[in-house]
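Student:
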Amino acid sequence: MSASFFELAAELLARREPFATATVVRADRPTSAKPGAKAIITPDGKLTGWIGGSCAAPVVIREAVAAIADGEARLIEISKTSGAPRPGVRHFPMTCHSGGTLEIHIEPLLPTEQLVVLGKTPVARALAVLGSALGRYVVVAEPNVTAVDFPTADRITTDLADVNVDEHTSIVIAMRGDADEDPAEAALRTPASYVGLVASRTRGDVLRDTLARRGLSEERLRRLVYPAGLDMGHASDEEIALSILAQILMQRHARESLAS
């Protein structure tokens, strides 16, 4: 197997880009593919690798793109004869006259939920710990902090601009004072699905007005959630962090319900 397969997979994972792998698990002659042959398919339908040439590629690409969209792995069979239906196996006709049978497992690899924490307050530290415990990929984007400050973070960087923010990303701004203005503006210019501000409603209103004067559109400003988290009254730093993660989860479930 070519090392380029693993290099491309690692590169896509690092960039948090979705893709699918296709692995030949059975090959009955005459076919040009062998068991263990692999390919990577990206959402645009580009196939890198070898899983049987033009006889198999169109079906594999179509099913891989569908797997990326629905998040479900599938086992497909490409054969001249359908035989008895097998549970869990999708059959497709072999278009090559030479015949043969291929059985291919297709698995989507989608970006995990990413939590980006801006700040180094006690709430920020609690968010990093609880986010990791919930299986999030935790990034702390804050200057002058180290792994000693955030031992559970998957990555620490100095600037949000260094983070690949996508629709699977939640950003929480947990700072003190007016240092949150630039980070909040940067966060609202990303495609993050959630942007929360740990601050009082009064501070949030002031920040919102400041960003409006800077030219941020009303559509972007509406995305700012403040005070971040569920209303729990007086709460500890850990409880505030937990309420924020619960709010993120509730919003995600609401989006998924609307989409289904």
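According to the numbering used here, the sequence shown is numbered sequentially starting from 755.
The beta-carbon is built from N, C-alpha and C at its ideal position, and this holds for glycine as well.
(1) Name the one or two DSSP bridge partners that R844 has.
(2) Candidates A768, R769 and A791: which alpha carbon is nearest V779's?
(3) Give the secondary structure of R974 by DSSP, where H, G and I count as helix, E and B as strand, and everything else as coil.
(4) In whole angstroms, what separates the C-alpha of F904 from that of E939?
(5) Touch check for the segment 901-915 and the segment 839-848: three-plus C-beta pairs under 8 Å?
(6) State the beta-bridge partners of G950 as determined by DSSP.
(7) Closer than 8 Å by C-beta to P897: which residues in its own chain qualify, once you throw out the five before and the five after it? Chain order, please.
(8) Just to check my reading of the structure: I795 and A818 have Cβ atoms closer than 8 Å, yes? What is that Cβ distance to the nearest angstrom?
(9) Here's the rule: buried if 16 or more other CB atoms are within 10 angstroms of the residue's CB, otherwise exposed. What is A966?
(10) Suppose the cutoff is 6 Å on Cβ atoms and the five residues either side in sequence are ignored; what does the same chain contact list for G885 look like?
(11) Just mark E831 as buried or exposed, buried being the case when its beta carbon has 16 or more other beta carbons within 10 Å.
(12) Looking only at its chain, what residues have a beta carbon closer than 6 Å to the beta carbon of S833, apart from the 5 residues adjacent to it on each side?
(13) Taking the CB atoms as reference points, tell me whether I858 and A776 lie closer together than 7 Å.
(14) Use the C-beta contact count for A928: other C-beta atoms within 10 angstroms, 16 or more gives buried, fewer gives exposed.
(15) Flag this pair as yes or no: are the beta carbons of G803 and T785 separated by less than 7 Å?
(16) Quick one, are the C-beta atoms of R974 and V949 less than 7 Å apart?
(17) Where does H1007 fall in DSSP's three states?
(18) Per DSSP, which residues does H859 bridge with? Please list them.
(19) Exposed or buried, V902, counting other C-beta atoms within 10 Å across all chains shown (16 or more means buried)?
(20) Per DSSP, D782 is paired with what?
(21) Give me the Cα-Cα distance between V894 and V877, rounded to the nearest whole angstrom.
(22) Of all the beta strand (DSSP E) runs that stay within the bounds of the segment 890-941, which reach a length of 3 or more residues?
(23) Flag this pair as yes or no: are the beta carbons of V926 and V871 separated by less than 7 Å?
(24) With 16 other CB atoms within 10 Å as the buried threshold, where does P789 fall?
(25) I need the boundaries of the alpha helix (DSSP H) containing G885, first residue and last residue.
(26) Taking Cβ positions, are P772 and L864 nearer each other than 7 Å?
(27) Could you check how far apart the C-beta atoms of G987 and Q1001 are, in whole angstroms? I think they sit under 8 Å.
Tutor: Answer, in terms of the structure:
(1) Looking at the DSSP output, R844 shares a beta bridge with I830.
(2) With distances taken between CA atoms, V779 lies nearest to A791 out of A768, R769 and A791.
(3) R974 falls in the helix class under three-state DSSP.
(4) The alpha-carbon atoms of F904 and E939 are separated by roughly 24 Å.
(5) No, they do not touch.
(6) DSSP lists V926 and V979 as partners of G950.
(7) T912 and D913.
(8) Confirmed, about 4 Å.
(9) Exposed: under 16 other Cβ atoms inside 10 Å.
(10) Closer than 6 Å at the Cβ level, and outside the excluded window around G885, lie L869 and V892.
(11) Of the residues assessed, E831 falls on the buried side of the cut-off, its CB having 16 or more other CB atoms within 10 angstroms.
(12) Take S833, set aside five residues on each side of it, and the residues of its chain with a beta-carbon closer than 6 Å to its own are M848 and T855, in chain order.
(13) The Cβ atoms of I858 and A776 lie closer than 7 Å to each other.
(14) So A928 counts as buried.
(15) The answer is no: Cβ separation not under 7 Å.
(16) No; because the gap between Cβ atoms is not below 7 Å, this pair is not in contact.
(17) It is helical.
(18) In the DSSP output, where bridge partners are listed per residue, H859 has T777 and L829.
(19) That one is exposed.
(20) Note: D782 sits in a beta bridge opposite T855.
(21) Cα to Cα, V894 sits roughly 12 Å from V877.
(22) Whole beta strand (DSSP E) segments, 3+ residues: 891-895, 909-911 and 923-927.
(23) Against a cut-off of 7 Å, the Cβ pair of V871 and V926 comes out as a contact.
(24) With fewer than 16 other CB atoms across the displayed protein chains lying within 10 angstroms of its CB, P789 is exposed.
(25) P876 to A887 is the span of the alpha helix (DSSP H), which, as asked, contains G885.
(26) The Cβ atoms of P772 and L864 sit closer than 7 Å to each other.
(27) With a contact defined as Cβ atoms closer than 8 Å, G987 and Q1001 miss out at about 15 Å.
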